[in-house]
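Chemist: Chains as they are written, first to last, in this note's numbering: chain A, 209 to 497; chain B, 161 to 495. Take this structure, written in structure tokens, and hold onto it; I'll ask about it next.
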Amino acid sequence: MQTFLSYLAAGLLSGGIYGILALPLSLVWRSTGIFDIAVGGYVVVAGIVAADVGQRLGWPAGALAGIAAACLLAGVTTLLFLLFQATKQPDEHMAMSLGTFGLAIAITAGAAMALGTESRFLPIVGGAWVLGEVVLAKGYVLSFLVALALLGGMLLILARTTLGLRMRAASLSPGHAELLGVPVRRIQCGTFLIGGAIAGLVGVMAASTIGVAYSGTVQFSIIGLGAAVLFGARGPGSAFLGGLVTGVLQSLSFGYVSPAIANMLPSILILGVFASGIALRGTQMAVRP
Amino acid sequence: MTGLGLSRHRHLPTLALLAVALVCAWPLAARPGALATAITIGMFSAVAVPLGLIYGQGGILSLAQGTFAALGAYAAGILATKTGVSPWVSLVAAAVLPAALAAALARPILRLPPLALVIATLAFATIVEEVLVVAGPITGGRVGLTGVQPLEGIGTGIGAYLLIWGFVALLVFGYVNLKAGSHGRALNAIRVDPTLARSAGVWVAAESTLVFTLAAATAGMAGWFYVHYVGFIAPESLSFHYSSAVLLMVIIGGRNAVLGPVVGAVFYVLVQDLLPTGHAQLLIFGLLLALTLVLLPNGLASLPAALRHGRPAAAPEQTASAPEASVAVAQRQSS
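Right, dumping it as structure tokens:
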């Protein structure tokens with residue numbers, strides 16, 4: 209029982225990071241109909257920059273530098289988005305998502321060239337709390353609390369502020385929102401940048417807990433995508449829940465099945481969700497009958 | 161059709177490809193480095209042409225095409241190193257294994273919208289890559305399989321060149337015939353409007369599954385050639401990055417032109433040879449993928465037409481419409 213609780217706690221804590229990783233994907237998807245596959249690249253670059261700067265100037269400066277680097281990369285994605293808009297391609301969602309896939313490849317390679325290929329770690333909080341046989345690493349607990357606060361803030365902004373109202377309007381019906389004076393294009397660009405900042409924060413969290421390396425881009429993108437679509441990419445809440453479930457299942461698989469299955473789990477979940485079609489009913493990704 | 165697609169004669173692309181391959185054979189035979197480059201282009205083309213068919217004609221974009229090639233390569237490599245059966249027997253296994261997996265995968269995932277389909281195939285590719293590592297006792301794990309012998313009577317020289325380019329020409333021939341026939345029109349109709357296609361009697365699931373499975377089988381056969389030519393296969397050899405490279409070739413070359421993937425393979429391999437390290441190559445190719453999608457959606461194959469008209473030729477989806485789907489369906493019904 210104690211072992212089960214240990215795995216459950218570890219899964220929930222890492223699931224919090226996955227949940228936040230799914231937020232930018234979910235936000236951009238809801239706002240633009242695009243999956244920003246480059247998000248894994250933002251995470252990796254943010255983590256590496258945070259660790260490198262943090263080593264010299266302390267972790268707060270490192271965290272800020274990491275988030276700024278992620279925002280910069282998200283800015284490049286935003287420029288690509290605007291280019292697609294300017295060329296008026298009817299299949300822009302598909303083409304732009306593939307474009308972000310190209311950016312993810314370029315970011316991975318660019319990070320390896322400019323920042324090196326070694327894994328990085330940014331120590332923020334050390335030690336652990338021990339409750340019976342359950343060990344809670346303080347770094348993970350801190351990340352989980354930050355993730356919860358971020359989710360709460362995001363839901364509050366979406367539900368209670370003018371910006372949130374505009375974001376929801378632009379997401380539900382861009383055409384109607386535009387007619388009513390909502391600056392849809394600006395909202396969409398802002399969503400990419402907010403997504404970049406959140407991914408940057410995930411990079412800092414990852415660097416302070418599991419460590420990051422340039423080669424993690426695809427893995428982070430897959431985990432984020434898996435968490436975002438697990439409950440149908442319906443919004444930030446479902447994305448975060450998807451992250452929690454992914455984290456718990458991965459941790460239990462690691463403990464009771466095999467580490468290999470745990471590694472594959474996000475991909476298995478994506479394939480399972482898409483193949484069954486159950487979680488996608490009523491969403492933009494619903495299968496054909 | 162624009163650029164390098166079908167214009168006047170249906171088999172012009174096949175004949176042109178064969179002619180170029182045969183004319184180049186003589187000078188290449190005397191230059192081993194250039195011959196190896198030509199064979200590499202041929203191997204990439206053999207995986208990219210089927211992807212061009214399913215994406216350009218059927219709208220099925222798969223990030224698992226390299227994975228199917230890897231499965232074929234592993235099937236052939238395992239049979240060659242552990243059982244010693246003839247490579248010509250293992251060719252069947254190299255085609256059947258990926259085809260069987262593709263057929264099983266097709267039914268649930270080909271109903272998905274295009275973007276979800278891409279992600280599903282990406283997930284499948286990462287699962288297979290992990291399984292290949294986990295199944296170490298059979299696949300050699302991260303180290304892979306070594307010591308696969310070259311094809312007897314073919315070798316790794318001009319024989320291999322003629323074999324791979326003959327195979328590519330056969331694929332192009334098959335592509336052209338399929339495109340001109342009722343299956344091709346059905347695929348076009350499915351790409352434009354699956355519901356309309358179904359209402360006109362196109363068996364959408366069967367047509368999509370058939371072409372997806374065929375593309376996987378041909379990729380597996382290319383993998384078979386790869387493992388016998390290189391003599392080695394590891395999870396990294398034909399990994400997810402390989403699938404990305406193949407996708408890049410199709411998009412840069414031109415997804416809607418029959419010879420687009422071949423043009424993309426030539427471009428990719430030649431540029432790869434000019435660039436210094438692996439990371440620099442990935443950086444350039446990643447950016448190229450993103451920019452090509454924006455600036456030249458129909459790829460290099462549409463460049464002549466784009467230059468003639470002073471603007472990029474429209475992407476297939478731009479010209480595709482419900483009336484076009486109706487025409488495709490009507491043509492299918494009358495055939």
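Quick reminder that beta carbons are idealized off the backbone N, C-alpha and C, glycines included.
Given that a residue counts as buried once 16 or more other Cβ atoms are within 10 Å of its Cβ, and exposed if not, what is L221/A?
Modeler: The residue labelled residue 221/A in the question sits at position 13 within the first sequence. The residue in question, L221/A, is buried, as its Cβ has 16 or more Cβ neighbours within 10 Å.
Chemist: For chain B, is any of its Cβ atoms less than 9 Å away from the one on S379/A?
Modeler: Here the question's residue 379/A lines up with position 171 in the first sequence. With 9 Å as the cut-off, S379/A does not count as an interface residue toward chain B.
Chemist: For the stretch 245–253 of chain A and the stretch 380–390 of chain A, state whether three or more C-beta atom pairs, one from each stretch, are separated by less than 8 Å.
Modeler: With a cut-off of 8 Å, the stretch 380–390 of chain A and the stretch 245–253 of chain A do not count as touching, because too few Cβ pairs lie within range.
Chemist: Does any heavy atom of the ligand FAD sit closer than 8 Å to the C-beta of I315/A?
Modeler: As for the ligand FAD, it is missing from this structure, which has no ligand bound.
Chemist: Give the range of the alpha helix (DSSP H) segment to which A317/A is assigned.
Modeler: As a working mapping, residue 317/A is identified with position 109 in the first sequence. A317/A -> alpha helix (DSSP H) spans 300–323.
Chemist: Output the boundary residues of the beta strand (DSSP E) element that contains A345/A.
Modeler: Here residue 345/A refers to the residue found at position 137 of the first sequence. Start and end: 342–345.
Chemist: So the beta strand (DSSP E) W337/A belongs to, where does it begin and stop?
Modeler: Taking the first residue of the first sequence as 1, we reach residue 337/A at position 129. Counting along the chain, the beta strand (DSSP E) containing W337/A begins and ends at 336–339.
Chemist: By the three-class DSSP mapping on this structure, what secondary structure does A176/B have?
Modeler: The residue given as residue 176/B occupies position 16 in the second sequence. Reduced to three states, the DSSP call for A176/B is helix.
Chemist: What is the DSSP secondary structure of T306/B, reduced to helix, strand or coil?
Modeler: Position 146 of the second sequence holds residue 306/B. T306/B: strand per DSSP, three-state reduction.
Chemist: Out of I350/B, P310/B, G341/B, V332/B, which one is the CA nearest neighbour of V209/B?
Modeler: Locating residue 209/B in the second sequence gives position 49, counting from the first residue. V209/B has its Cα closest to that of V332/B, out of I350/B, P310/B, G341/B, V332/B.
Chemist: For the stretch 339–418 of chain A, which segments carrying the alpha helix (DSSP H) assignment without a break, of at least 4 residues, lie completely within its bounds, in sequence order?
Modeler: You should have 346–368, 370–380, 382–387, 392–417.
Chemist: Can the beta-carbon of A394/B be found closer than 9 Å to that of V291/B?
Modeler: Here residue 394/B is taken as the residue at index 234 of the second sequence, counted from 1. Here residue 291/B is taken as the residue at index 131 of the second sequence, counted from 1. In this structure, V291/B does not lie closer than 9 Å to A394/B by Cβ.
Chemist: According to DSSP, simplified to helix, strand and coil, what is R351/B?
Modeler: Stepping through the second sequence from its first residue, residue 351/B is reached at position 191. It is helical.
Chemist: What did DSSP end up calling I332/A once you bin it into helix, strand or coil?
Modeler: Here residue 332/A refers to the residue found at position 124 of the first sequence. Three-state DSSP puts I332/A in coil, outside helix and strand.
Chemist: Whole angstroms are fine: how far does the CA of G319/B sit from the CA of A189/B?
Modeler: For the purposes of this step, residue 189/B is taken as residue 29 along the second sequence, with counting starting at 1. For the purposes of this step, residue 319/B is taken as residue 159 along the second sequence, with counting starting at 1. Rounded to whole angstroms, A189/B to G319/B spans 10 Å at the Cα level.
Chemist: If I follow the unbroken alpha helix (DSSP H) through E396/B, where does it start and stop?
Modeler: Stepping through the second sequence from its first residue, residue 396/B is reached at position 236. Premise fails: E396/B is in no alpha helix (DSSP H) and is neither H nor E.
Chemist: Straight-line CA distance for Q478/B to L221/B?
Modeler: Position 318 of the second sequence, counted from the start, is the residue given in the question as residue 478/B. Position 61 of the second sequence, counted from the start, is the residue given in the question as residue 221/B. Confidence at Q478/B is low in this model, with a pLDDT of 41, below 50, so the placement of that residue should be treated as unreliable; the coordinate-derived value is given next. Answer to the nearest angstrom: the Cα atoms are 17 Å apart.
Chemist: Can you name the residues of chain A whose CB is closer than 8 Å to the CB of E367/B?
Modeler: Reading the second sequence from its first residue, position 207 is the one you call residue 367/B. Going along chain A, no residue has its Cβ under 8 Å from E367/B, so there is no contact; the nearest lies around 13 Å.
Chemist: For V253/A, go through chain B and note every residue whose CB falls closer than 9 Å to its CB, in chain order.
Modeler: Within the first sequence, the letter at position 45 stands for residue 253/A. Within 9 Å Cβ-Cβ: nothing; V253/A doesn't reach chain B, min ~13 Å.
Chemist: For R468/B, is the classification buried or exposed, using 16 other Cβ atoms within 10 angstroms of its Cβ as the cut-off for buried?
Modeler: Here residue 468/B refers to the residue found at position 308 when the second sequence is read from its first residue. Exposed.
Chemist: Is the stretch 410–430 of chain A touching the stretch 383–398 of chain A in the sense that three or more CB pairs, one from each, lie closer than 8 Å?
Modeler: Result no; under three Cβ-Cβ pairs closer than 8 Å.
Chemist: Check the Cβ-Cβ distances between V456/A and every residue of chain B, and say whether any is below 9 Å.
Modeler: Counting from 1 along the first sequence, the entry for residue 456/A is found at position 248. False, the Cβ-Cβ gap to chain B never drops below 9 Å.
Chemist: So, is the C-beta of D299/A closer than 9 Å to a C-beta in chain B?
Modeler: The sequence position of residue 299/A within the first sequence is 91, counting from 1. Judged by the 9 Å Cβ criterion, D299/A is in contact with chain B.
Chemist: Using a Cβ-Cβ cut-off of 9 Å, state whether T211/A counts as contacting chain B.
Modeler: Counting from 1 along the first sequence, the entry for residue 211/A is found at position 3. No, T211/A lies away from the interface with chain B (no Cβ there is under 9 Å from its Cβ).
Chemist: Give the single residue among A262/B, A360/B, L419/B, A196/B whose Cα lies nearest to the Cα of G315/B.
Modeler: To locate residue 315/B, count along the second sequence from 1; it is residue 155. The shortest C-alpha separation from G315/B is found at A196/B.
Chemist: When you compare only the Cα positions, how much space is there between G283/A and R393/A?
Modeler: Numbered from its first residue, the first sequence carries residue 283/A at position 75. Numbered from its first residue, the first sequence carries residue 393/A at position 185. Those two C-alpha atoms are separated by around 14 Å.
Chemist: Just to make sure I have the definition right: I need the residues of chain A whose C-beta is within less than 9 Å of the C-beta of P268/B. Which are they?
Modeler: Position 108 of the second sequence, counted from the start, is the residue given in the question as residue 268/B. Near P268/B (Cβ distances below 9 Å), the residues of chain A are L479, F482, A483, S484, G485, V495.
Chemist: Could you check where the alpha helix (DSSP H) with T197/B kicks off and where it finishes?
Modeler: What you label residue 197/B is simply residue 37 of the second sequence in a count that begins at 1. Run containing T197/B: 192–212, per the alpha helix (DSSP H) assignment.
Chemist: Mind listing the chain A neighbours of A377/B? Cutoff is C-beta to C-beta under 8 Å, in chain order.
Modeler: Locating residue 377/B in the second sequence gives position 217, where the first residue counts as 1. Chain A residues near A377/B: none, gap ~21 Å exceeds 8 Å.
Chemist: List the residues of chain B whose Cβ lies closer than 8 Å to the Cβ of A278/A, in chain order.
Modeler: As a first step, residue 278/A is located in the first sequence; it is residue number 70 there, counting from the start. Simply none; closest approach about 17 Å.
Chemist: For a contact meaning CB atoms closer than 7 Å, what does E290/B contact in chain A?
Modeler: Start at 1 with the first residue of the second sequence, and residue 290/B comes out as number 130. The answer, in chain order, is A468, N471, M472.
Chemist: Rounded to the nearest angstrom, what separates L233/A and S423/A at their Cα positions?
Modeler: Stepping through the first sequence from its first residue, residue 233/A is reached at position 25. Stepping through the first sequence from its first residue, residue 423/A is reached at position 215. Each residue's alpha carbon lies about 20 Å from the other.
Chemist: Would F228/B and A340/B qualify as a contact pair, given that the criterion is a beta-carbon distance under 9 Å?
Modeler: On the second sequence, position 68 is the one that residue 228/B refers to. On the second sequence, position 180 is the one that residue 340/B refers to. Contact flag unset, no.
Chemist: Quick check on the burial criterion: 16 or more other C-beta atoms within 10 angstroms. Buried or exposed for R373/B?
Modeler: Residue mapping note: residue 373/B aligns to position 213 of the second sequence, counting from 1. Reading off the sequence shown, one finds Thr at residue 373/B, where the question assumed Arg. Buried is the call here.
Chemist: Could you tell me whether the Cβ of S404/B comes closer than 9 Å to any Cβ of chain A?
Modeler: Translated into the one-based positions of the second sequence, residue 404/B becomes position 244. True, the Cβ-Cβ gap to chain A drops below 9 Å.
Chemist: Helix, strand or coil for V420/A, going by three-state DSSP, please let me know.
Modeler: Position 212 of the first sequence, counting from 1, holds the residue named residue 420/A. Here V420/A sits in strand by DSSP.
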